[in-house]
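Remember, this note's numbering sits 245 above the position in the sequence shown when you count from 1. Every residue gets a Cβ at the ideal spot worked out from N, C-alpha and C, and that includes glycine.
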Amino acid sequence: MDKFTRFFINRPIFAAVLSILIVLVGGLALIKLPITQYPEIAPPTVMVTATYPGADAKVVAETVATPIEQEVNGVEDMLYMSSTSTNSGTMMLTITFKPGTNLDKSQVLVQNRVALAEPKLPEEIRRQGISVKKSSPDLSLVVNLISPNKRYDSVYMSNYALLQIKDSLARLPGVGDIFVFGARDYSMRLWLNPQKIAALNLTASEVVQAVREQNIQVAAGVVGQAPSAHASEFQYTLTTTGRLTTSEQFGDIIIKQGNYGEVVKLKDVARIELGAKDYNAGLFLDGQPTVGLAIFQLPGSNALETKQAVVDAMEKLKTQFPEDLDYVMVYDTVVFISQSIDAVVKTLFEAILLVVLVVI
Numbered sequence: 246m247d248k249f250t251r252f253f254i255n256r257p258i259f260a261a262v263l264s265i266l267i268v269l270v271g272g273l274a275l276i277k278l279p280i281t282q283y284p285e286i287a288p289p290t291v292m293v294t295a296t297y298p299g300a301d302a303k304v305v306a307e308t309v310a311t312p313i314e315q316e317v318n319g320v321e322d323m324l325y326m327s328s329t330s331t332n333s334g335t336m337m338l339t340i341t342f343k344p345g346t347n348l349d350k351s352q353v354l355v356q357n358r359v360a361l362a363e364p365k366l367p368e369e370i371r372r373q374g375i376s377v378k379k380s381s382p383d384l385s386l387v388v389n390l391i392s393p394n395k396r397y398d399s400v401y402m403s404n405y406a407l408l409q410i411k412d413s414l415a416r417l418p419g420v421g422d423i424f425v426f427g428a429r430d431y432s433m434r435l436w437l438n439p440q441k442i443a444a445l446n447l448t449a450s451e452v453v454q455a456v457r458e459q460n461i462q463v464a465a466g467v468v469g470q471a472p473s474a475h476a477s478e479f480q481y482t483l484t485t486t487g488r489l490t491t492s493e494q495f496g497d498i499i500i501k502q503g504n505y506g507e508v509v510k511l512k513d514v515a516r517i518e519l520g521a522k523d524y525n526a527g528l529f530l531d532g533q534p535t536v537g538l539a540i541f542q543l544p545g546s547n548a549l550e551t552k553q554a555v556v557d558a559m560e561k562l563k564t565q566f567p568e569d570l571d572y573v574m575v576y577d578t579v580v581f582i583s584q585s586i587d588a589v590v591k592t593l594f595e596a597i598l599l600v601v602l603v604v605i
């Protein structure tokens, strides 16, 4: 051992070159380390989301959260679960699994358990569907849409985010789920007149049933399609109006028909306007209305790469924004990760410098 040490002491230039070479190789290897082979620190999660329009938090907890929790509880490799019910009618159930669990398999198992609970849920929930996704329960960042000169309201920005931005961001690698804060989907709002409804001996449920029956998309069929009693040289595919799109079309929905041909239309008993689906929740930034796209990271993905992908996508989408529409990122947890990495790198170089000074 003494000979080995003295070999480098007697040859300082060789020792210095070898030390520099080791440092360079280590520096190159630092950025190429197989981090995907490291074990997962945070346990994987699956999120179940359902919406019950018009229900408060208590009703959602009793009629939606409880049946789903009873069926999902005890799913294979589950550690624990937690749920949140809001007054906007939304229920979010987060199931946490053991580290190293195959999340694709766990998602399927949770989906099967949720399917068992569906017969116990309200009809409105079953009609809208229940979402089961692999996603982290913690927010990574929020993209806020703003109108600096107040040209657009929250309804416009919400629908622009849903139609033009959300789907593009959802396809990015590392993005597990996207939730729109302050979402106000376009909807046809019907304001019934209680006096007119009562005078015509109608109920709100009858009006709703008439709207459902006449605001549908149907296949009208084909005229002249074989086989037929009389041969036809032509076939005609019938088209119908389908779902209604304007307040005038909704106003012509027939609610009631009398014995002598008289009809009662929706516009006779209600005020009809195009607006937001609900106004229960709103989002503001510096006193101005805004819409926030909350980005939830996919378990096991790289937070820095995910954020960079989101930033690049937003810069590309920004070129297509209408005038007076912009975006900002106020909430960003990835900043702390970047600062932590910078602190580690700084500490590493300080340690290397101290070692070099000691050796010299």
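Need the endpoints of the alpha helix (DSSP H) that V575 sits in, please.
Residue numbering aside, residue 575 sits at position 330 when the sequence shown is read from its first letter. No alpha helix (DSSP H) contains V575, which DSSP labels as neither H nor E.
What three-state label does DSSP hand E321 in the structure shown?
The count along the sequence shown starts at 1 and reaches residue 321 at position 76. Three-state result, E321: coil.
Mind reading off the beta-carbon distance from L200 to K501? Whole number of angstroms is fine, and I expect it under 8 Å.
Within the shown structure, residues of the chain are numbered from 246 to 605, placing residue 200 beyond reach of any answer.
Which partner residues does E518 have in the DSSP bridge list?
Stepping through the sequence shown from its first residue, residue 518 is reached at position 273. E518 is bridged to R434.
Looking at the structure shown, is A558 part of a helix, part of a strand, or coil, going by DSSP?
Position 313 of the sequence shown, counting from 1, holds the residue named residue 558. Helix, per DSSP.
Please report the distance separating the alpha-carbon of Q480 from that of R488.
Here the question's residue 480 lines up with position 235 in the sequence shown. Here the question's residue 488 lines up with position 243 in the sequence shown. Each residue's alpha carbon lies about 25 Å from the other.
Pick out whichever of K365, Q356, A360 and E368 has its Cα sitting closest to the Cα of K379.
What you label residue 379 is simply residue 134 of the sequence shown in a count that begins at 1. Here the closest residue by C-alpha is Q356.
In this structure, how does DSSP classify I597 when only helix, strand and coil are distinguished?
Position 352 of the sequence shown, counted from the start, is the residue given in the question as residue 597. Helix.
Buried or exposed for L408, please, with buried defined as at least 16 other CB atoms from any protein chain shown within 10 angstroms of its CB.
Translated into positions along the sequence shown, residue 408 becomes position 163. Its Cβ having fewer than 16 others within 10 Å, L408 is exposed.
Have a look at I540, M323, V453 and V579 and flag the residue whose alpha-carbon is nearest the alpha-carbon of A548.
Reading the sequence shown from its first residue, position 303 is the one you call residue 548. Measuring from the Cα of A548, the nearest candidate turns out to be V579.
Tell me which residues share the same chain as M336 and place their Cβ nearer than 6 Å to its Cβ, disregarding the 5 neighbours each side in the sequence.
Residue mapping note: residue 336 aligns to position 91 of the sequence shown, counting from 1. Taken in chain order, the residues that qualify are A295, V305, V309, A310 and S330.
One question on the structure: do A558 and S413 come within less than 7 Å of each other, judged by their Cβ atoms?
Here residue 558 refers to the residue found at position 313 when the sequence shown is read from its first residue. Here residue 413 refers to the residue found at position 168 when the sequence shown is read from its first residue. Yes.
How about G496 and G427: do their beta carbons lie closer than 7 Å?
Here residue 496 corresponds to residue number 251 of the sequence shown, with the count starting at 1. Here residue 427 corresponds to residue number 182 of the sequence shown, with the count starting at 1. It is not a contact, given that the beta carbons lie outside the stated cut-off.
What number of angstroms, rounded off, separates the C-alpha of I461 from the C-alpha of N318?
On the sequence shown, position 216 is the one that residue 461 refers to. On the sequence shown, position 73 is the one that residue 318 refers to. The straight-line gap from Cα to Cα measures roughly 38 Å.
Given this structure, state the Cα-to-Cα distance separating V213 from Q440, to the nearest angstrom.
Absent from the model: residue 213. The displayed extent of the chain is 246 to 605, so no value can be given.
If you check the beta carbons only, do V425 and A406 fall under 7 Å apart?
Here residue 425 is taken as the residue at index 180 of the sequence shown, counted from 1. Here residue 406 is taken as the residue at index 161 of the sequence shown, counted from 1. Yes, the pair counts as a contact, with Cβ atoms nearer than the cut-off.
Where L338 and L354 are concerned, what is the direct C-alpha to C-alpha distance, given to the nearest angstrom?
Within the sequence shown, numbered from 1, the residue matching residue 338 stands at position 93. Within the sequence shown, numbered from 1, the residue matching residue 354 stands at position 109. Approximately 15 Å, taken between the alpha carbons.
From M323 to I276, what does the alpha carbon distance come to, in whole angstroms?
Residue mapping note: residue 323 aligns to position 78 of the sequence shown, counting from 1. Residue mapping note: residue 276 aligns to position 31 of the sequence shown, counting from 1. The straight-line gap from Cα to Cα measures roughly 35 Å.
Using only CA atoms, which one of P382, I286 and L361 lies nearest to G345?
As a first step, residue 345 must be located in the sequence shown, where it is residue number 100. Nearest of P382, I286 and L361 to G345, Cα basis: I286.
Looking only at its chain, what residues have a beta carbon closer than 8 Å to the beta carbon of S403, apart from the 5 residues adjacent to it on each side?
For the purposes of this step, residue 403 is taken as residue 158 along the sequence shown, with counting starting at 1. So the list reads V425, G427, A428, R429, D430, A521 and V536, once near-sequence residues are dropped.
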